[in-house]
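The structure under discussion appears below in the form of structure tokens.
Residue numbers (my numbering): 939 to 986.
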């Protein structure tokens, strides 16, 4: 794959009721390696 890897999603996907914004993991602040300070989680998309 060419670098940098780019992935996108539609506005409809981002507004789905299963998508959410994460600010922490396991009761602690989200680390940089996991997308700190906030990460969009889209369960059916890899890497979101």
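Every residue gets a Cβ at the ideal spot worked out from N, C-alpha and C, and that includes glycine. All figures in this text were calculated on a predicted structure; none of them were measured in a lab.
- Inter-segment contact for the region 947-966 and the region 974-982 is present: three or more beta-carbon pairs are separated by less than 8 Å.
- Counting only unbroken stretches of 3 or more residues, the beta strand (DSSP E) elements lying wholly within the region 953-977 are 958-960, in sequence order.
- When C-alpha distances from residue 986 are compared across 964, 951 and 965, the shortest belongs to 951.
- Between the alpha carbons of residue 940 and residue 969 lies a distance of about 26 Å.
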